[in-house]
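Beneath this line is the structure, given in structure tokens, with notes to follow.
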Amino acid sequence: MADTEKLVFMVLHGPAHPEHATLPFVMGCAALASDVEVVMGFQADGVELVRRGGVDGLEAPGFPPLAKLMNDFRELGGKLLVCGPCIKSRGIAPDDLIEGAEVVAAGRFIAEITSATNSLVY
Amino acid sequence: MPATITESELAAITAAKVVDARGSACPGPLLEAKKGIGGVSVGSILEIWSSDPVTKSDIGAWSAKVGHEFLGVLPGEGYERIFVRRGK
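The listed protein sequences correspond, in order, to chains A and B.
So the first sequence is numbered by the numbering used here: it starts at 71 and just counts up by one.
So the second sequence is numbered by the numbering used here: it starts at 130 and just counts up by one.
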């Protein structure tokens, strides 16, 4: 067991599902505020959230705007990993992604998940 | 999360810092508390104002998790005053 707790959130829903897209950032920010390391992994339609401008105007009822949560998440030190094949199939170039988003493949996701305290899928 | 001191003792506290998170939705008050606690010295008290009734249990759980002391809650007018002593 590592000294630092770590959570991995796998985000599969995009802007078409604002609540599903927002909840991992709500949980991720709370975890970071609680001194837990957080890695957010984006696959499938979830990759649309880290496209530059992808969350503009997105706000699930009862929650802060997703753009604010994403900024809070990054300011608190959360990591953003993006599925390479998923962005390629959607015509998204790495340069289209927000600052700090790192394009990775399955092996990196597996390494993060197997080294985490727990993983959650949204 | 049980309070550790009485209401009259809470009412007598002058916090080192007050964070106004009224109108902020989850996880906003928690993130404001996280930022605010960094602005007070160890052993000093942070007061968080929140209009979300869930915040007190959130702050209580967070305090226990990260090593601060949740002191309790006082009612305000349409909001709650939540007191935390910085522990580390």
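For every residue, glycine included, the Cβ atom is placed at its ideal position computed from N, Cα and C.
Chain A beta carbons: is any one of them nearer than 8 Å to that of Val-213(B)? no
What does the Cβ neighbour count give for Gly-124(A), buried or exposed, with the cut at 16 atoms within 10 Å? buried
Got a sec: which bits of the segment 188-211 of chain B sit with their beta carbon under 8 Å from any beta carbon on chain A, in order along the chain? Trp-191, Lys-194, Val-195
If you pair each beta-carbon of the segment 153-164 of chain B with each one of the segment 152-166 of chain A, do three or more pairs fall below 8 Å? no
Within 10 angstroms of its Cβ, does Ser-153(B) collect 16 or more other Cβ (buried), or is it exposed? buried
Secondary structure at Ser-179(B), three-state DSSP: helix, strand or coil? strand
For Asp-126(A) versus His-83(A), is the C-beta spacing smaller than 8 Å? no
Beta-carbon separation (whole angstroms), Ala-145(B) vs Val-169(B), contact threshold 8 Å: 4 Å
Please list, in chain order, all residues of the same chain as Ala-130(A) whose beta carbon is under 6 Å from its beta carbon, the five residues on each side excluded. Pro-88, Glu-89, Thr-92
Expressed to the nearest angstrom, what Euclidean distance is found between the alpha-carbon atoms of Ser-192(B) and Leu-102(A)? 13 Å
For Pro-155(A), would you say it is in contact with chain B, using Cβ-to-Cβ distances shorter than 8 Å as the test? no
Could you list which residues in chain A have their beta carbon closer than 7 Å to that of Pro-182(B), in chain order? The contacting residues do not exist; Pro-182(B) stays about 13 Å from chain A at best.
Given a threshold of 16 other Cβ atoms within 10 Å of its Cβ, counted over all protein chains shown, does Val-183(B) qualify as buried or as exposed? exposed
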